[in-house]
Amino acid sequence: MSRVATGSLMAVVGLLGLGSCAELGVPAESFADDTAITTKITSIRLDSGAGSVRVHRGTATSVHREVHYSGNRPGGTSRVDGEQLVLEACRVRHCEADYDVIVPDRVKVVGQTESGAVTVDAGVAGDVDVTAASGALTITDVPGPVAARSDSGKITLASIGGAVTVQTGSAAVSLDKVAGAVSAKVDSGGVTGAGIGGDCDVQVGSGTVALSLLNPRSVRAVTDSGDIDLTVPNAAYQVTAANDGGPVTTGVPNTTGAPRKLDARAGAGGIKITTT
261 MSRVATGSLM AVVGLLGLGS CAELGVPAES FADDTAITTK ITSIRLDSGA GSVRVHRGTA
321 TSVHREVHYS GNRPGGTSRV DGEQLVLEAC RVRHCEADYD VIVPDRVKVV GQTESGAVTV
381 DAGVAGDVDV TAASGALTIT DVPGPVAARS DSGKITLASI GGAVTVQTGS AAVSLDKVAG
441 AVSAKVDSGG VTGAGIGGDC DVQVGSGTVA LSLLNPRSVR AVTDSGDIDL TVPNAAYQVT
501 AANDGGPVTT GVPNTTGAPR KLDARAGAGG IKITTT
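Put into structure tokens, the structure is as follows:
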């Protein structure tokens with residue numbers, strides 16, 4: 261076969277491939293753009309579809325967007341509403357937009373995404389309330405409260421100054437240096453936490469619970485299937501430790517009427533409670 265014939269065949273195959281991608285809804289084209297925000301922004305609202313979101317610190321507010329699409333080229337997908345920056349989904353089919361947002365001051369981050377990771381870097385958020393249908397949530401250095409929900413995606417929180425509320429369908433939760441109380445509900449996936457300053461209420465359907473607490477007055481850890489490992493300061497506690505099968509090891513005696521309470525219940529798994 262001649263070089264001309266070979267080249268023509270490859271071109272036809274390429275066109276057929278692009279057509280197949282478009283028919284299947286697989287993004288075949290992409291572009292990137294940047295938008296400078298000149299007005300004051302105090303909050304960011306996520307109202308996006310497919311695509312990742314990262315918010316981090318910089319000298320001026322801006323939005324960098326990378327768009328992958330098939331078919332019609334999408335228009336703008338971010339806007340300013342008062343002092344709120346809104347990140348939206350593409351208004352055309354077979355499209356996903358990844359956002360990289362820079363803000364100079366702390367802002368409130370709220371909203372939800374359908375598919376894609378959400379990352380809030382250190383020094384950015386004042387408080388956070390976000391939901392990801394499918395995608396990991398990573399949130400660092402927030403002085404206020406954090407609420408994070410994910411149907412399928414790991415939740416990682418670190419250096420949180422307020423209370424934490426987390427919920428996942430099928431993913432693990434990792435907590436590090438949380439000053440406030442923790443409330444966690446996980447259908448399938450473990451919960452690990454270190455440097456937890458407040459009370460804890462953790463419920464897990466299937467997975468382990470491992471918590472190191474600094475000054476709790478009330479700790480409740482429940483798992484239907486999985487081990488529980490609690491580390492608490494040396495003090496007097498009312499202790500309840502019960503399971504359906506597995507070892508129970510506690511270095512903390514049960515003190516009737518003590519102001520602090522530890523309640524650990526495992527359906528199928530061991531329980532271990534130790535002091536620092």
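The working numbering puts the first residue of the sequence shown at 261, with every later residue one more than the last.
Each residue gets a CB set at the ideal place from its N, CA and C atoms; glycine is no exception.
Note that the structure is predicted; figures quoted are calculated from it, not measured.
Residue environment, residue i, which counts as buried when at least 16 other CB atoms sit within 10 Å
i: A382; result: exposed
i: G511; result: exposed
i: L522; result: buried
i: I533; result: buried
i: D459; result: buried
i: A320; result: exposed
i: G517; result: exposed
i: D294; result: exposed
i: T535; result: exposed
i: P519; result: exposed
i: A501; result: buried
i: R333; result: exposed
i: D358; result: buried
i: G467; result: buried
i: G529; result: buried
i: G335; result: exposed
Presumed contact (8 Å Cβ cut-off) between residue i and residue j, rounded CB distance
i: R260; j: G386; result: An answer regarding residue 260 cannot be provided, because it is not within the stretch 261 to 536 covered by the chain.
i: V426; j: A444; result: 5 Å
i: V424; j: L306; result: Going by Cβ atoms, the distance from V424 to L306 rounds to 19 Å, so no, they are not a contact pair.
i: V363; j: R317; result: 7 Å
i: I488; j: L473; result: With a Cβ gap of about 13 Å, I488 and L473 do not count as contacting.
i: A554; j: A441; result: This structure gives no information on residue 554, because the portion of the chain shown stretches from 261 to 536.
i: A496; j: T515; result: 4 Å
i: V315; j: V361; result: 5 Å
i: E356; j: A393; result: In fact, because the Cβ distance is near 13 Å, the residues do not count as touching under 8 Å.
i: S330; j: A288; result: 5 Å
Beta-carbon spacing of residue i, residue j below 8 Å
i: D447; j: G465; result: yes
i: V378; j: G395; result: yes
i: V499; j: P476; result: no
i: I297; j: V313; result: no
i: S308; j: E343; result: no
i: A431; j: S412; result: yes
i: T483; j: A418; result: no
i: S375; j: H328; result: no
i: T299; j: V340; result: yes
i: S303; j: K368; result: yes
i: G449; j: V469; result: no
i: I531; j: N494; result: no
i: T400; j: V370; result: no
i: L345; j: I301; result: yes
Sheet register partners of residue i (DSSP bridge)
i: V361; result: V315 and V323
i: S430; result: S448
i: N503; result: A526
i: D307; result: E348 and Q372
i: G453; result: L435 and L471
i: H328; result: S290 and E356
i: R520; result: Y497
i: T536; result: The partner list for T536 (beta bridge, DSSP) is empty, contrary to what the question assumes.
i: D489; result: A470 and K532
Range covered by the beta strand (DSSP E) that runs through residue i
i: I301; result: First-last for I301: undefined, no H or E at that position.
i: R477; result: Counting along the chain, R477 falls outside any beta strand (DSSP E), and DSSP gives it neither H nor E.
i: V512; result: Taken as a continuous stretch (DSSP letters only), V512 belongs to no beta strand (DSSP E), as it is neither H nor E.
i: A385; result: A385 to S394
i: R409; result: V406 to S412
i: A418; result: I415 to I420
i: R339; result: S338 to D341
i: G458; result: Per DSSP, G458 belongs to no beta strand (DSSP E) and is neither H nor E.
i: D401; result: L397 to V402
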